[in-house]
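A.B. asks: Top to bottom, those sequences are chains A and B. Everything in the first sequence is counted per my numbering, starting at 252 for the first residue and increasing by one. Everything in the second sequence is counted per my numbering, starting at 252 for the first residue and increasing by one. Built from N, CA and C at the ideal position, the CB exists for glycine as well.
There are 2 protein chains.
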Amino acid sequence: MGTKGSANRQRIVDAADYLFYSRGYNQTSFSDISDKTGIPRGNFYYYFKTKEDILAAVVDARLIEFKDMLKCCENAASGPLERLHALVQFPLQRETQILQYGCPIGSLSSELVKDQDTEISQTRLTAVFDLLKNWIEEQLNKLGQSARGDDIAKDLLAKMQGIIIIANVYRDAEFLRRGINDIQSWLNQTLSH
Amino acid sequence: MGTKGSANRQRIVDAADYLFYSRGYNQTSFSDISDKTGIPRGNFYYYFKTKEDILAAVVDARLIEFKDMLKCCENAASGPLERLHALVQFPLQRETQILQYGCPIGSLSSELVKDQDTEISQTRLTAVFDLLKNWIEEQLNKLGQSARGDDIAKDLLAKMQGIIIIANVYRDAEFLRRGINDIQSWLNQTLSH
DNA sequence: TAAAAAATAATACGATTGTCTTAGAATAGG
DNA sequence: CCTATTCTAAGACAATCGTATTATTTTTTA
Chain A
252 MGTKGSANRQ RIVDAADYLF YSRGYNQTSF SDISDKTGIP RGNFYYYFKT KEDILAAVVD
312 ARLIEFKDML KCCENAASGP LERLHALVQF PLQRETQILQ YGCPIGSLSS ELVKDQDTEI
372 SQTRLTAVFD LLKNWIEEQL NKLGQSARGD DIAKDLLAKM QGIIIIANVY RDAEFLRRGI
432 NDIQSWLNQT LSH
Chain B
252 MGTKGSANRQ RIVDAADYLF YSRGYNQTSF SDISDKTGIP RGNFYYYFKT KEDILAAVVD
312 ARLIEFKDML KCCENAASGP LERLHALVQF PLQRETQILQ YGCPIGSLSS ELVKDQDTEI
372 SQTRLTAVFD LLKNWIEEQL NKLGQSARGD DIAKDLLAKM QGIIIIANVY RDAEFLRRGI
432 NDIQSWLNQT LSH
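#1: When burial is assigned at 16 or more other CB atoms within 10 Å of the CB, is residue 343 of chain B buried or exposed?
#2: Would you report the Cα separation of residue 285 of chain B and residue 292 of chain B, rounded to the nearest angstrom?
#3: For residue 386 of chain A, which residues from the same chain have a beta carbon less than 7 Å from its beta carbon, with the 5 sequence-adjacent residues on both sides left out?
#4: Please classify residue 354 of chain A: is it buried, with 16 or more other beta-carbons within 10 angstroms of its beta-carbon, or exposed?
#5: Can residue 281 of chain B be considered in contact with the ligand ZN, in the sense that its beta carbon sits closer than 8 Å to one or more heavy atoms?
#6: Would you mind telling me which residues of chain B sit closer than 7 Å to residue 405 of chain A, beta carbon to beta carbon, in chain order?
#7: Pick helix, strand or coil for residue 290 of chain B, following the three-state DSSP scheme.
#8: Using only the alpha-carbon positions, how far apart do residue 268 of chain B and residue 341 of chain B sit?
#9: Just to confirm before moving on: does the CB-CB distance between residue 339 of chain A and residue 442 of chain A stay below 9 Å?
#10: Counting only Cβ pairs nearer than 9 Å, list the residues of chain A close to residue 277 of chain B.
#11: Is DSSP giving residue 340 of chain A helix, strand or coil here?
#12: Checking 9 Å against the spacing of the C-beta atoms, do residue 405 of chain B and residue 384 of chain B come in under that value?
#13: Count the other CB atoms within 10 Å of the CB of residue 301 of chain A; is the residue buried (16 or more) or exposed (fewer)?
#14: When the Cα atoms are used, what is the spatial distance from residue 282 of chain B to residue 309 of chain A?
#15: Using the C-alpha atoms, what's the distance from residue 271 of chain B back to residue 434 of chain B?
#16: In the structure shown, what three-state DSSP assignment does residue 328 of chain A receive?
#17: Pull up the CB-CB distance for residue 417 of chain A and residue 412 of chain B, whole angstroms please, since I reckon it's below 8 Å.
#18: Assuming residue 373 of chain B and residue 365 of chain A are in contact, meaning their beta carbons sit under 8 Å apart, how far apart are those beta carbons, in whole angstroms?
#19: Of the choices B/326, B/376 and B/349, whose alpha-carbon is the least far from that of residue 421 of chain A?
#20: Compare the C-beta of residue 261 of chain A against all C-beta atoms of chain B and say whether one is closer than 9 Å.
#21: Kindly indicate which three-state DSSP category residue 306 of chain A falls into: helix, strand or coil?
#22: Against chain A, does residue 382 of chain B count as a neighbour if the rule is that its beta carbon must be under 9 Å from one of theirs?
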């Protein structure tokens, strides 16, 4: 089995991941990925049958990235509440990118719901949201919030998405920090009983 | 001065407005607009020099739409708090579209921050957000919240964007209604003192 | 090391993109 | 009514899109 090939495949996915994030899926062409990797445009067909296949691979890659992030949150704290706080604070580590390009899943999702053809990848994208939602619910369960777990998890995701959208539109780092702070206060208030 | 011409121009803008919302700006071609209006593709150049000019016209149209919406909120209620509630409730009137395509300004804005070339229209888009923000601040001023007006206005916008994003991703009408309800509770709580 | 498989390079394909031109039709004002 | 202007129809334009093919080189396996 070729090991060189899968390395090049990964380079394509990495370049596409970055470009889909910074320019958007539909605004990224094969030529763009070719320029960034040095791999000839026509060669992509060897690894991926269609552009949507590349998208699927990128979404899979982001799934892994977010799983790593959640693992990181689990390692950073032992208690469920502290882990939730770690999750909420994560955008601060990506402040520059967040302010420039928004949320890696939120913005891609917003773009893809408008594509009628890419239904397959759309379901994959909600899978990323579900990954986060399930993890949040897991922490809430440990805090005895199993009843309203689904609602609170969605609320938390909505709050984070909203903060990121506005911070992105106004390129307002201060608002991002304050917004995340407010979410943490809300978390403490909601989960103390 | 020709009156027929400006009518056709308006038809182009209307079709583009709908298509940009339902499919996205970059996923809408001149051919799409041509198909929807029956106006030959090559004819657009008579009214608009570039595609971005059409975008600018669409953004202007949405500015007017949102101004109308704000006027509608002003007519619906006499007090500033009630007017804010009217604004918050507005997405419920567009429930179907919101669930399908998201927010008309939020989603377009998310798409355009990623375009490096369309800076001009990007500033126009923040103008739509500013329109809302200024109106909200205006109501807050009347409620004696002039000090934290900017912060609260951004918070309100963020909350609405977040709710709409999640409701859109999960196509969850119930969450949309509950989320808006929660925003109203938050409004009452924040502005009562 | 020889045969098989995997990977690379380069290019061609039809379709579509946004842009632009031009000839003619409709409509206006004098 | 005639001229000038505004508008419409149709299509050409180069560039780029995603896709596909083929010949060749590299790597793996036996």
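C.D. replies: Put simply:
#1: Exposed, because fewer than 16 other Cβ atoms sit within 10 Å of the Cβ of residue 343 of chain B.
#2: Put simply, the backbone Cα of residue 285 of chain B is about 5 Å away from that of residue 292 of chain B.
#3: Around residue 386 of chain A: 321.
#4: Buried, since its Cβ has 16 or more Cβ neighbours within 10 Å.
#5: Absence of the ligand ZN is noted for the structure shown, with no ligands found whatsoever.
#6: Identification of chain B residues near residue 405 of chain A by a Cβ-Cβ cut-off of 7 Å yields 417 and 426, ordered along the chain.
#7: DSSP places residue 290 of chain B in coil when its eight states are reduced to three.
#8: When rounded, the distance between both Cα atoms is 19 Å.
#9: With a cutoff of 9 Å on beta-carbon distance, residue 339 of chain A and residue 442 of chain A are scored as not near each other.
#10: Those are 275, 277, 278 and 362, listed as they occur along chain A.
#11: In the structure shown, the three-state DSSP call for residue 340 of chain A is helix.
#12: Going by C-beta atoms, residue 405 of chain B is nearer than 9 Å to residue 384 of chain B.
#13: With fewer than 16 other Cβ atoms within 10 Å, it is exposed.
#14: Approximately 30 Å between the Cα atoms of the pair.
#15: Each residue's alpha carbon lies about 28 Å from the other.
#16: The answer is coil: DSSP assigns residue 328 of chain A none of H, G, I, E or B.
#17: Yes, they are in contact, since the Cβ atoms of residue 417 of chain A and residue 412 of chain B sit about 6 Å apart, within 8 Å.
#18: The pair is not a contact, with the Cβ atoms about 18 Å apart (cut-off 8 Å).
#19: Measuring C-alpha to C-alpha distances from residue 421 of chain A to each of B/326, B/376 and B/349 identifies B/376 as the nearest.
#20: With its beta carbon at least 9 Å from every one in chain B, residue 261 of chain A lies outside the interface.
#21: For residue 306 of chain A, the secondary structure class from DSSP, reduced to helix, strand or coil, is helix.
#22: Chain A, which has no Cβ nearer than 9 Å to the Cβ of residue 382 of chain B, makes this no.
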